[in-house]
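What follows is a set of notes on a single structure, which appears directly below.
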Amino acid sequence: AIDDSPRNGDSVDEKFVEEAIEAIEAGKDPNTKTTKAVGCGIKSA
Numbered sequence: 143a144i145d146d147s148p149r150n151g152d153s154v155d156e157k158f159v160e161e162a163i164e165a166i167e168a169g170k171d172p173n174t175k176t177t178k179a180v181g182c183g184i185k186s187a
C-alpha cells in the first residue's frame, strides 16, 4: 500500500512510500517494512 487510506486520499495519516524514501535518503531503515496489498488481483491471459 502507498499509504494507510487506499480509498480516500483526504484521510491519509501515514504515507508509507514517502516516509520510506525519506528514511533511505537520510541513511536510515524505513519504519514500515511491509504493508498489505489492497484491491483486486490482476491476472494475465
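Taking our numbering, the leading residue of the sequence shown gets 143, the next gets one more, and so forth.
Beta carbons are placed, not taken as given, at the ideal position from N, Cα and C, and that holds for glycine.
Check	Outcome
Provide the residue span of the alpha helix (DSSP H) that contains Ile144, from first to last.	Careful: Ile144 lies outside any alpha helix (DSSP H) and carries neither H nor E.
Residue range of the alpha helix (DSSP H) that Ile184 falls in?	Note, Ile184: premise wrong, no alpha helix (DSSP H); not H, not E.
Return the CA-CA distance between Ser153 and Ser147, expressed in angstroms with no decimal places.	6 Å
Taking Glu167 as part of the alpha helix (DSSP H), name the residues at either end of that continuous run.	Phe158 to Glu167
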